[in-house]
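**Student:** Note that the protein sequences, when read in sequence, are chains A, B and C.
Sequential numbering of the first sequence, starting at 201, is according to the working numbering.
Sequential numbering of the second sequence, starting at 7, is according to the working numbering.
Sequential numbering of the third sequence, starting at 6, is according to the working numbering.
All C-beta atoms, glycine included, are put in the ideal place defined by N, C-alpha and C.
If you scroll down you'll find the structure; I have some questions about it.
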Amino acid sequence: MIVGGYRIELEPRLKSPRWLVYVVPVVSLLFAFVVAGIFLLGTGHNPFTTYGKLIDKGYTSYYGITDTLGLATPLICTGLAAAFAFRMNLFNIGEEGQMYLGMIGAAWAGIVLADNLPGVAAVPVVMLSGAAFGALWVLVPAVLRARLGPSETVSSLLLNYVALNLVNFLIFGSRTLWRDPSPFPDGQLVADSARLDRFGTTNVYPTLLIAAILAVFLWLFMRFSNYGYETSVFADSPNTARYAGMSASRLTVSVLLSSGALAGLAGSMYVVGPAGKVDPGLLQVGLGYAGIVVAALARYNFVAVILTAVLFAGLRVGGAALQISSDPVPIAIATVIQGAVLLFALGGEMFRKNRLRVRRIAGSPVRGAA
Amino acid sequence: MNASPEAVKGSHRSGGATLFALSARSVTKRFPGVLANDDVDFDLAAGEVHTLLGENGAGKSTLASVLCGLYRPDEGAVLRNGTQVRLSSPRHGLQHGIAMVHQHFRLVDRFSVAENVVLGDKRLSFFIDQDSINDRVSRIAEEFGLPIDPLAVVGELSAGQRQRVEIIKALYQGAEILLLDEPTALLAPPEVEKLFETVRTMAKAGKSVVFVSHKLGEVVDISDRITVMRDGKVTGSVGRGEADTRKLAELMVGREIDLSPRKAKAPAGGTMLKLHNVSLHRDGVAVVDNVSLEVRAGEIVGVAGVSGNGQRDLAELVAGLQSPTGGVITVDGREMNGAGTREMRANGLAYVPEDRLGTGLSPSLSIIDNMVLTRPRGLLVDRKAAGAEAERYITELEIKTPSPHTATRKLSGGNSQKVLLAREIFAQSDTTKVLVVCSPTRGLDVGAVETVHKVLDEARTKGKAVLLISEDLDEVLTLADKILVLYRGAVVHSADSNALDIEKVGLAMAGIS
Amino acid sequence: MNSNIWLITFADAISIATPLILASLGAMLTERSGVINLGVEGYLLMGAVTAFQLGMGFGNVWLSVFAPILVGVVMALVHGALVISLRANQIVSGLAMVIFGTGLSQFLGKSVEGERRPVSIEPIDFGRLSDIPFIGPVIFGHDPLTYFTWALTIVASLYLNRTRPGLVLRATGDAPATVDAQGVSVTAVRYIHTVVGGALMAFAGSWFMLARGTAWSQESTTNGIGWIALALVVFAAWRPLRAILGAVLFGFTLQVPFTLQAQQINVVAPEMVKMLPYLATLFVLVALSTPRARRLLGAPKMLGIPFVRDER
Chain A
201 MIVGGYRIEL
211 EPRLKSPRWL
221 VYVVPVVSLL
231 FAFVVAGIFL
241 LGTGHNPFTT
251 YGKLIDKGYT
261 SYYGITDTLG
271 LATPLICTGL
281 AAAFAFRMNL
291 FNIGEEGQMY
301 LGMIGAAWAG
311 IVLADNLPGV
321 AAVPVVMLSG
331 AAFGALWVLV
341 PAVLRARLGP
351 SETVSSLLLN
361 YVALNLVNFL
371 IFGSRTLWRD
381 PSPFPDGQLV
391 ADSARLDRFG
401 TTNVYPTLLI
411 AAILAVFLWL
421 FMRFSNYGYE
431 TSVFADSPNT
441 ARYAGMSASR
451 LTVSVLLSSG
461 ALAGLAGSMY
471 VVGPAGKVDP
481 GLLQVGLGYA
491 GIVVAALARY
501 NFVAVILTAV
511 LFAGLRVGGA
521 ALQISSDPVP
531 IAIATVIQGA
541 VLLFALGGEM
551 FRKNRLRVRR
561 IAGSPVRGAA
Chain B
7 MNASPEAVKG
17 SHRSGGATLF
27 ALSARSVTKR
37 FPGVLANDDV
47 DFDLAAGEVH
57 TLLGENGAGK
67 STLASVLCGL
77 YRPDEGAVLR
87 NGTQVRLSSP
97 RHGLQHGIAM
107 VHQHFRLVDR
117 FSVAENVVLG
127 DKRLSFFIDQ
137 DSINDRVSRI
147 AEEFGLPIDP
157 LAVVGELSAG
167 QRQRVEIIKA
177 LYQGAEILLL
187 DEPTALLAPP
197 EVEKLFETVR
207 TMAKAGKSVV
217 FVSHKLGEVV
227 DISDRITVMR
237 DGKVTGSVGR
247 GEADTRKLAE
257 LMVGREIDLS
267 PRKAKAPAGG
277 TMLKLHNVSL
287 HRDGVAVVDN
297 VSLEVRAGEI
307 VGVAGVSGNG
317 QRDLAELVAG
327 LQSPTGGVIT
337 VDGREMNGAG
347 TREMRANGLA
357 YVPEDRLGTG
367 LSPSLSIIDN
377 MVLTRPRGLL
387 VDRKAAGAEA
397 ERYITELEIK
407 TPSPHTATRK
417 LSGGNSQKVL
427 LAREIFAQSD
437 TTKVLVVCSP
447 TRGLDVGAVE
457 TVHKVLDEAR
467 TKGKAVLLIS
477 EDLDEVLTLA
487 DKILVLYRGA
497 VVHSADSNAL
507 DIEKVGLAMA
517 GIS
Chain C
6 MNSNIWLITF
16 ADAISIATPL
26 ILASLGAMLT
36 ERSGVINLGV
46 EGYLLMGAVT
56 AFQLGMGFGN
66 VWLSVFAPIL
76 VGVVMALVHG
86 ALVISLRANQ
96 IVSGLAMVIF
106 GTGLSQFLGK
116 SVEGERRPVS
126 IEPIDFGRLS
136 DIPFIGPVIF
146 GHDPLTYFTW
156 ALTIVASLYL
166 NRTRPGLVLR
176 ATGDAPATVD
186 AQGVSVTAVR
196 YIHTVVGGAL
206 MAFAGSWFML
216 ARGTAWSQES
226 TTNGIGWIAL
236 ALVVFAAWRP
246 LRAILGAVLF
256 GFTLQVPFTL
266 QAQQINVVAP
276 EMVKMLPYLA
286 TLFVLVALST
296 PRARRLLGAP
306 KMLGIPFVRD
316 ER
């Protein structure tokens, strides 16, 4: 870029300082709060008191933090799902729909299978069922990508809308096994053995621990297993992967299916935990899309996803409280912050990897400015 | 061997003050680690067809780039019609009537010929008058004997036709001087003929043409003058009919044979690698053409040749990354056609590719992680063992790195090459039978070159069968027990290293057998 | 079955094709320069809420028509800065804009939830022309935005295929290095067309408020039409005129659920029928991704790849 008599260029940094890695997400968050704050001001709210309430209701109060941890549970899963795929430059943005299918799959197992299973097995089977349904939902985009090149983005996204209508159909538009027999449109509850009890009076379920352990397990697995190794080579340099005899299509499909399964697991956790049935309420929360932001902010590191998931869950919980507070602020403010954080994180990450070089242009004017 | 007595400095050429259309005076151009042009003089007369002859790294492409404005010389000057010009960009060069046609064409496949030619023409009207531009392009094409249909879609044209489009583009933009970089590299023989006809027509019309090429055999008839370069310097400049091909080949590749070549000390063992009539066709062209060769245990077979003559495809065929369209590849007695690269490796083959960081290594991964890339791995990756190995080789090969956990892209060329060799040659030493190595010392400093050559020599001593494919003739001459020359995908010359006629090798590399 | 109803459905399909065409024209121009902007849905929603809120505030139709354009420009500049100048990942940036745009539009739209539209653009009265059987209601009787869109599509097609800047644009998406070698700024071409694209996308959003008369709903104003618009770009093979055909087809799939509901045809449950546009779009994408189809379609070759000049 030429401005005046100077040429401004982006150059890759040879060594980027380690501390920048942590600074970028934090600063992005701060900037996002500032931007959202401007819109708060614009609509007549005081940003400082609003944020104060947000932090209180989302994090620092007892029911705030527990509600947050409860919401973080499925969010960790969708975050893992996004991180797993995006690390490989496979842009599965259908987590939302895969999560709904997970909910449907888990409910199916919980209604149909659970009574015939020994008590201990019910929950795992239900969770795996949800994961399988989630993986199934990404199968078509996965095959498209493996056979025909980048095409998984819009196709996985479209399936979100199909899944949304599917859930509505099951609860509002039909009388299938997922639907409670009563006249009021509601999901059919799963067997008791397929449910887990909450911790005390909070909204936190043992599924939180499962999610956290899963995150750590994934981190270990990808770091030490051959599969993890091959995916990291493929993500780094496809030419090198080819040279080493790795199968591009096998890796692509398996990563996408795993991603779908993780998103499906989020739906299962919702069923096993708070919902116990197919619940159209899940359609409002946007956990699938939030998972993408959670993953990006965690720089696709599985353990960091736990932290960013709690962070964004808190924003949502706090936002919900704000919506019904004395000076109501639309809950959408949480989404605004989410989007803004991602934008800033993107920009910040590029600054971390590159730096600006400003050079005087000497001598004759250069034609062909870039 | 020094420059022959016939080598003349350009300014004395015509014995007087004739103005040359384009000249270089004492041009020097440096790149990190290499002196590409060393005090080079060059003169091009108007209406002349002048060839810059040399092998890889001779500096001819660099000189051409300086002459057209793509590079700026570190020292020296470029003169146009006797006056110095400081060319800041190719566009600037074009304003002085100098245009370069690159080896890899810069065309938009989707567009028609006419659209490609006029793209970038600032005088073009806002609404494009298709008929008018088709007309203009046709006229130029006819004027210079370049039959082409302005409406044809460029993506559907043959290589020769696309080159014609590039030439028309240059002429349309007002070029008086055309620099053609390896113009026959992508052409089939009949297209080469057509190109030469075009060049003759252009010269008659007063344009000057510079051929940058290594293909002596092709250019000797068409050139009014040939300037030979080697290692960044001009080794000679002769007019039409002044020197024969042998002399020119000598100027091109002539060198003192190294006093301390590394050759096999023990007789070779059994045949480990055999290629019989192996071919690879792509888009109807044979990129590897009926190649037969044999490598025995304890010997190094060197494949020489200027880059772009099928080396990479040949290497990938042997390594199992591509399947031959014809012929048989045998490794240690087993036919390996169509076997993937994993099977090849399991059968004792190791491959050091030319592109070390983009193919042979995973750039963002650590040295340790790269050590296991082509090794058999279980369900878990044993980084402990790999770590110990990495430490060992870092010490043995003196690899300069902050730690074994450093990403390989942070290493210098020489050090990353050492990592690659450590993995392919050392770490698998017990199971490796055949070693395929491509241009292993490209871009390395003298010390690293020494180390690499030592490593290859030792591998030979240990009984490995080594196929060395290198664009660096010196390297092949130093190490190989048997030498083959690759030209347009075919083996055009083969000789034992102790019965070598360097001129024949040079001729073969230049396409004259 | 009343055949008139299907005619009306067809007319409605043409109507809803309008924002589809506008949004996909925007995406198309951007993609022709080599930049992917997935944020369409976000731009649509921001355009819609801007038109609505300004209409509530000022009651001026023109303001509600032009302000969304400005909003689209600003959003596109952010995207451009990230992906062109900073060379960030284009897919993630587009997604971020969807999330941001969705959130911000919901935030700004909360106060007008459920309200009737304040300003509107009425259909043009063509008098007797609309009474012509078949073509009457289908061609005549739409609002000005629809006719403007058709005209704009023709202009876009002329621009792309017959003008010098259009030639440069097409070259930039396929071979930016070639364009750069000719001394033209690839960065400038990409910025200009990303911004124009964003403006069109946001402008398309205003249609929902002004012409369609949708009340602002937190859940479902645009219903994923932005994503269908992206698929439409592929269907139209990156050519403006073909987008019209595809948009009408997709528009049909969007309208059919309403028609069935109005006619109380319940062979298939309404929720399942609502899946139709998305499944149809998916089907089209699958059909268009065979290697043969991809070759025929001709996507810009360097789509999504940042341009770095190879310099020494």
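1. Check each candidate in B:ARG448, B:LEU193, B:GLY364 and B:LEU254 and name the one with the smallest Cα separation from VAL291 of chain B.
2. Using a threshold of 8 Å, state whether the C-beta atoms of GLY464 of chain A and ALA331 of chain A are closer than that.
3. Taking the alpha helix (DSSP H) that HIS459 of chain B falls in, what are its first and last residues?
4. Nearer than 7 Å: is that true of the beta carbon of ALA471 of chain B relative to any heavy atom of the ligand SAM?
5. Identify every run of the alpha helix (DSSP H) within the region 126-207 of chain C, keeping only runs that are complete inside it and at least 4 residues long; order them along the chain.
6. Please decide whether ILE134 of chain B counts as near chain E, where near means a Cβ-Cβ distance under 8 Å.
7. Any idea which residues DSSP pairs PHE217 of chain B with across the strands?
8. Strictly below 7 Å CB to CB, what residues from chain C border VAL114 of chain B?
9. Please classify GLN266 of chain C: is it buried, with 16 or more other beta-carbons within 10 angstroms of its beta-carbon, or exposed?
10. Do you know offhand how far TRP155 of chain C's Cα is from ILE249 of chain C's?
11. Determine the chain C residues that contact PHE369 of chain A at a beta-carbon separation under 9 Å, and present them in chain order.
12. Comparing the C-beta of VAL433 of chain A with each C-beta of chain B, is any distance below 8 Å?
13. Whole-angstrom Cβ separation of ILE174 of chain B and ILE104 of chain B, contact assumed at under 8 Å?
14. Kindly indicate if chain C contains any beta-carbon less than 8 Å away from that of ARG555 of chain A.
15. Could you please give me the residues that DSSP links to MET106 of chain B through a beta bridge?
16. Assign TRP67 of chain C to buried or exposed, taking buried as 16 or more other Cβ atoms, counted over all protein chains shown, within 10 Å of its Cβ.
17. Give every residue of the same chain whose Cβ lies closer than 6 Å to the Cβ of GLY251 of chain C, excluding the five residues on either side of it in the sequence, and list them in chain order.
18. Which residues does DSSP list as the beta-bridge partners of PHE297 of chain C?
19. If we ignore side chains and look at the alpha-carbon of each, how far apart do VAL138 of chain B and ALA180 of chain C end up?
20. So with Cβ pairs under 8 Å, would you call THR168 of chain C a contact of chain B?
21. Could you please give the first and the last residue of the uninterrupted beta strand (DSSP E) stretch that includes SER329 of chain A?
22. Could you give the uninterrupted runs of the alpha helix (DSSP H) lying entirely in the region 86-131 of chain B, keeping only those of 4 residues or more?
23. From this set, A:THR376, A:PHE502, A:PRO528 and A:PHE551, which residue's C-alpha is nearest PHE417 of chain A's C-alpha?
24. For the region 230-264 of chain C, which residues have a beta carbon sitting closer than 9 Å to at least one beta carbon of chain A?
25. Compare the C-alpha of ALA392 of chain B against each of B:SER418, B:ALA433, B:GLY126 and B:GLY420 and name the closest.
26. Please determine, among C:PHE213, C:ALA28 and C:VAL78, the residue with the shortest C-alpha to C-alpha distance to GLY60 of chain C.
27. My assumption, with CB atoms under 8 Å, is that ALA306 of chain A sits in contact with VAL326 of chain A. Please give the rounded CB distance.
28. Could you tell me whether any Cβ in chain A is nearer than 8 Å to the Cβ of GLY85 of chain C?
29. Counting contacts by CB-CB distance shorter than 8 Å, is SER374 of chain A in contact with chain C?
30. When you compare only the Cα positions, how much space is there between LEU259 of chain C and PRO311 of chain C?
31. Under three-state DSSP, which class holds VAL453 of chain A?
32. List, in order along the chain, the chain A residues whose C-beta lies closer than 7 Å to that of MET359 of chain B?
33. Measuring CA to CA, which of C:ALA72, C:MET307 and C:SER294 is closest to VAL343 of chain A?
34. Go ahead and label ARG557 of chain A buried or exposed: buried means 16 or more other beta carbons lie within 10 angstroms of its beta carbon, across all protein chains shown.
35. Could you please give the first and the last residue of the uninterrupted alpha helix (DSSP H) stretch that includes ASP141 of chain B?
36. Any contact of the region 382-402 of chain B with the region 418-429 of chain A, i.e. 3+ C-beta pairs under 8 Å?
**Tutor:** Reading from the atomic positions:
1. For the residues B:ARG448, B:LEU193, B:GLY364 and B:LEU254, the minimum Cα distance to VAL291 of chain B belongs to B:LEU193.
2. Taking a C-beta distance under 8 Å as the contact criterion, GLY464 of chain A and ALA331 of chain A qualify as a contact pair.
3. Note, HIS459 of chain B: alpha helix (DSSP H), 452-467.
4. In the structure on display, the ligand SAM does not appear, and there are no ligands present to speak of.
5. Those alpha helix (DSSP H) runs which fall completely within the region 126-207 of chain C and span 4+ residues are 140-144, 149-167, 169-179 and 181-186.
6. The chain inventory of the structure shown lacks chain E, comprising the protein chains A, B and C.
7. Beta-bridge partners assigned by DSSP to PHE217 of chain B: B:THR57 and B:LEU186.
8. Below the 7 Å Cβ cutoff, chain C contributes ALA176, ASP179, ALA180 and THR183 as neighbours of VAL114 of chain B, in chain order.
9. Burial call: exposed.
10. C-alpha of TRP155 of chain C to C-alpha of ILE249 of chain C: approximately 8 Å in a straight line.
11. Listed along chain C are ALA274, PRO275, GLU276, MET277, LYS279 and MET280, each with a C-beta nearer than 9 Å to that of PHE369 of chain A.
12. So yes, VAL433 of chain A belongs to the interface.
13. Not confirmed; about 16 Å, so no contact.
14. No, no contact with chain C.
15. DSSP lists B:LEU185 as partners of MET106 of chain B.
16. The residue is exposed, with fewer than 16 neighbouring Cβ atoms inside 10 Å.
17. Closer than 6 Å at the Cβ level, and outside the excluded window around GLY251 of chain C, lie LEU237, PHE240 and ALA241.
18. The residue you asked about is not Phe; residue 297 of chain C is Arg in the sequence shown. Listed as beta-bridge partners of ARG297 of chain C by DSSP are no residues whatsoever.
19. The residue asked about is misnamed: residue 138 of chain B is Ser in this sequence, not Val. Roughly 24 Å separates the two Cα atoms.
20. A Cβ of chain B is located within less than 8 Å of the beta carbon of THR168 of chain C.
21. Taken as a continuous stretch (DSSP letters only), SER329 of chain A belongs to no beta strand (DSSP E), being part of the alpha helix (DSSP H) at 319-337.
22. For the region 86-131 of chain B, whole alpha helix (DSSP H) runs of length 4 or above, ordered along the chain, are 96-101 and 119-124.
23. For PHE417 of chain A, the closest of A:THR376, A:PHE502, A:PRO528 and A:PHE551 by C-alpha to C-alpha distance is A:PHE502.
24. Those residues of the region 230-264 of chain C that come within reach of chain A (Cβ to Cβ, closer than 9 Å) are TRP232, ILE233, LEU235, ALA236 and VAL239.
25. Residue B:ALA433 is the option with its Cα nearest to ALA392 of chain B.
26. Distances from the CA of GLY60 of chain C to each of C:PHE213, C:ALA28 and C:VAL78 were compared; the closest alpha carbon is that of C:PHE213.
27. Between VAL326 of chain A and ALA306 of chain A the Cβ distance is about 5 Å, and since that is below 8 Å, they are a contact.
28. So, not an interface residue.
29. Yes, SER374 of chain A counts as interfacial toward chain C.
30. C-alpha separation (whole angstroms): 35 Å.
31. Residue state, collapsed to three classes: helix.
32. Rather than Met, the amino acid found at residue 359 of chain B in this sequence is Pro. Here the neighbours are TYR443.
33. Between VAL343 of chain A and the set C:ALA72, C:MET307 and C:SER294, the nearest pair of CA atoms involves C:SER294.
34. In the assembly as shown, ARG557 of chain A is an exposed residue. Its beta-carbon has fewer than 16 other beta-carbons within 10 Å.
35. Start and end: 136-149.
36. Enough Cβ pairs lie closer than 8 Å, so yes.
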